[in-house]
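My numbering puts the first residue of the sequence shown at -7, with every later residue one more than the last.
Backbone N, C-alpha and C fix where the C-beta goes; we use that ideal spot for every residue, glycine too.
Report on the following structure.
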Amino acid sequence: MDNKKATLQIGNRKKITLDVLSATVGTEVIDVRTLGSEGYFTFDPGFTSTASCESKITFIDGDNGILLHRGFSIEELAEKSTYLEVCYILLYGKTPTKEAFATFKTTVTRHSMIHDQITHLFRGFRRDSHPMAVLCGVTGALAAFYHDALDVNNERHREITAFRLLSKMPTVAAMCYKYSIGQPFVYPRNDLSYAANFLHMMFATPCEEYKVNPVLEKALDRIFILHADHEQNASTSTVRTAGSSGANPFACIAAGIASLWGPAHGGANEACLKMLEEIGTVDKIPEYITRAKDKDDPFRLMGFGHRVYKSNDPRAKVMRATCHEVLDELKMKDNSLFKVALELERIALEDPYFIERKLYPNVDFYSGIILKAMKVPSSMFTVLFAIARTIGWIAHWKEMHDEGVKIARPRQRYTGHEKREFTSCSESI
Ligand code: SDX
């Protein structure tokens, strides 16, 4: 039972006592839910110090570079697990038995096709549309196909929705790519793993057999694991907020995709690769480091810094190792982008500006190099992030409904006009 208290002294006339609630690990929270009735709001744009909910799914210790999914470290999961097993753990909070995992895997595999009518939706987009725009639109449109038989208050409906989204996101994502290059859609295959199936849908053509490289399959599966969930990040908070009104989950996931697209969030992998290509060679790095530090220059080192990690992002270390593996396999060891990235990381980590601000490479710093080496176009990088993060969005959406949800309705600090008389500009109404 929590009995720790916090006392808020306001001026010399008001004292408010608030409960301090413990956490299993990490930061305790001050329960401010009664503050509104005392006539005050907390003020925290960007939610740097605000816990928006209670969750059991993921824990991050930003100061010590720790990331746990249901208590299991990301390093162990990346090394010993598979993306679908991590999906099971995120959804159900425990490791599956062999039988349960076999059933889970079969269910995911058997829902990967989409309603054939959805293929017509793509025709409404220009071929050169950004794939994230198409993914957002088509995912939102899935709400039209799965609406009537969907009661968000029904646990079984929530579970079926989780399977549908987990299964169909790679299929829709690969279709976004195929549509952009004018190639026919490739249907999912039930004999392939989750990662292999996606690579096959991306790169196979009807003209010849496409064999998935097992090293790239393993690398992509690990990249999916590294992106699966990350606590209350911007896109997950978006899904929770949208879902808190009881909205259709497909529409909520589309909102999450929209938020992820931003270059400050999931769009950073695409932006980071563009930055490395713009830098081009190691000798140009100092110029860009100077720009990143210049307050008058909007340029930032993409793939660097993090709201929570004020030490190494544990995912970045695994990503760097995966980058080595993929470049070795593809005989691209002298990859100039990788050399620029390694040197940029070395220089930045020795620079007082980055050290003082605790700016380290994040999950997006190396992923673009790997994906480019795997011939994934940069416009598809955030799409792959969205595939992987779908399970995180769904796990949080499901947890929110499982626990009983209050509609998200933040307040504000109002600094606009006080009440004033209105005079219309038009002579006569
Ligand atoms: C992801 O939330 C998550 O968990 C996200 C994510 C996930 O898995 O869901 O981990 C995925 O989004 C990773 C982050 C990807 N974004 C980028 O790589 C874009 C570049 N990074 C920055 O835009 C920035 O670091 C953020 C957005 C990631 C974090 O920004 P914050 O926490 O709001 O930090 P801030 O802007 O207040 O910066 C603090 C200081 C500032 O300088 P001062 O005003 O104190 O002098 O650090 C500077 C910033 O200017 N700074 C940078 C920088 N990031 C922060 N300076 C140069 N380059 C950078 N990348």
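Among 136, 394, 74 and 316, whose alpha-carbon lies nearest the alpha-carbon of residue 106? As a working note, residue 106 is residue 114 in the sequence shown. Closest by alpha carbon: 136.
Spatial neighbours of residue 345 in its chain, beta-carbon cut-off 7 Å, leaving aside the 5 residues before and after: Indexing the sequence shown from 1 puts residue 345 at position 353. Within the same chain, residue 345 has close Cβ partners 285.
How close, in whole Å, do the beta carbons of residue 66 and residue 300 come, if the pair is a contact with beta carbons under 8 Å? As a working mapping, residue 66 is identified with position 74 in the sequence shown. As a working mapping, residue 300 is identified with position 308 in the sequence shown. Taking 8 Å as the upper bound for CB-CB distance, residue 66 and residue 300 are not in contact here, some 13 Å apart.
Using only CA atoms, which one of 348, 340, 212 and 373 lies nearest to residue 249? For this step, residue 249 is matched to residue 257 along the sequence shown. Distance check between residue 249 and each of 348, 340, 212 and 373 places 373 closest, using alpha-carbon atoms only.
Where residue 10 falls: helix, strand or coil (DSSP): In the sequence shown, counting from the first residue as 1, residue 10 sits at position 18. If DSSP states are grouped into helix, strand and coil, residue 10 belongs with the strands.
Note down, one range per segment and in chain order, each alpha helix (DSSP H) of at least 4 residues found wholly within the region 282 to 362. Unbroken alpha helix (DSSP H) runs of no fewer than 4 residues, entirely contained in the region 282 to 362, are found at 306 to 321, 328 to 342 and 344 to 348, following chain order.
So, are the CB atoms of residue 158 and residue 149 less than 7 Å apart? In the sequence shown, the residue the question calls residue 158 occupies position 166. In the sequence shown, the residue the question calls residue 149 occupies position 157. Against a cut-off of 7 Å, the Cβ pair of residue 149 and residue 158 comes out as no contact.
Checking 7 Å against the spacing of the C-beta atoms, do residue 377 and residue 219 come in under that value? As a working mapping, residue 377 is identified with position 385 in the sequence shown. As a working mapping, residue 219 is identified with position 227 in the sequence shown. Result yes, Cβ atoms of residue 377 and residue 219 sit closer than 7 Å.
Close Cβ partners of residue 12 (< 8 Å) along its chain, the five nearest in sequence each way excluded: What you label residue 12 is simply residue 20 of the sequence shown in a count that begins at 1. Cβ within range, chain order: -6, -4, -3, -2, 20, 21, 22 and 23.
Quick one: give me the first and last residue of the alpha helix (DSSP H) that residue 190 is part of. By 1-based counting over the sequence shown, the position of residue 190 is 198. Counted as a single uninterrupted DSSP element, the alpha helix (DSSP H) harbouring residue 190 occupies residues 186 to 195.
How is residue 27 classed by DSSP in three states: helix, strand or coil? What you label residue 27 is simply residue 35 of the sequence shown in a count that begins at 1. Correct three-state label for residue 27: coil.
Cβ pair residue 229, residue 399 closer than 7 Å: Your numbering for residue 229 matches position 237 in the sequence shown. Your numbering for residue 399 matches position 407 in the sequence shown. No; because the gap between Cβ atoms is not below 7 Å, this pair is not in contact.
So the beta strand (DSSP E) residue 266 belongs to, where does it begin and stop? One-based indexing of the sequence shown puts residue 266 at position 274. Per DSSP, residue 266 belongs to no beta strand (DSSP E); it is in the alpha helix (DSSP H), 260 to 271.
Which class does residue 143 belong to by DSSP, given the choice of helix, strand or coil? The residue you call residue 143 lines up with position 151 of the sequence shown. Reduced to three states, the DSSP call for residue 143 is coil.
Quick check: is any heavy atom of the ligand SDX less than 6 Å from the C-beta of residue 294? Counting from 1 along the sequence shown, the entry for residue 294 is found at position 302. The ligand SDX has a heavy atom closer than 6 Å to the beta-carbon of residue 294.
At what residues does the alpha helix (DSSP H) containing residue 203 begin and finish? In the sequence shown, residue 203 corresponds to position 211, counting from 1. Secondary structure note for residue 203: it is in no alpha helix (DSSP H), with a DSSP letter that is neither H nor E.
Please give the ranges of any alpha helix (DSSP H) in the region 74 to 142, keeping only runs that are unbroken, at least 4 residues long and fully inside the region. Qualifying alpha helix (DSSP H) stretches, in chain order: 75 to 84, 90 to 101 and 123 to 137.
Residue 242 lies in the beta strand (DSSP E); which residues open and close that run? As a working note, residue 242 is residue 250 in the sequence shown. Per DSSP, residue 242 is not a residue of any beta strand (DSSP E); the alpha helix (DSSP H) it occupies stretches across 241 to 252.
For residue 75 versus residue 217, is the C-beta spacing smaller than 7 Å? As a working mapping, residue 75 is identified with position 83 in the sequence shown. As a working mapping, residue 217 is identified with position 225 in the sequence shown. Judged by their CB atoms, residue 75 and residue 217 are nearer to each other than the 7 Å cut-off.
Is it the case that the region 377 to 389 contacts the region 4 to 11, given that we only count it when at least three CB pairs across the two stretches are under 8 Å? In short, these stretches do not touch, since the Cβ pair count stays below three.
Look at the alpha carbon of residue 59 and the alpha carbon of residue 72, and state the distance between them as a whole number of angstroms. If you number the sequence shown from 1, residue 59 lands on position 67. If you number the sequence shown from 1, residue 72 lands on position 80. When the Cα atoms are used, residue 59 and residue 72 turn out to be separated by approximately 15 Å.
Are there 16 or more other CB atoms within 10 angstroms of the CB of residue 104, so buried, or fewer, so exposed? Walking along the sequence shown from the start, residue 104 turns up at place 112. Label assigned to residue 104: buried.
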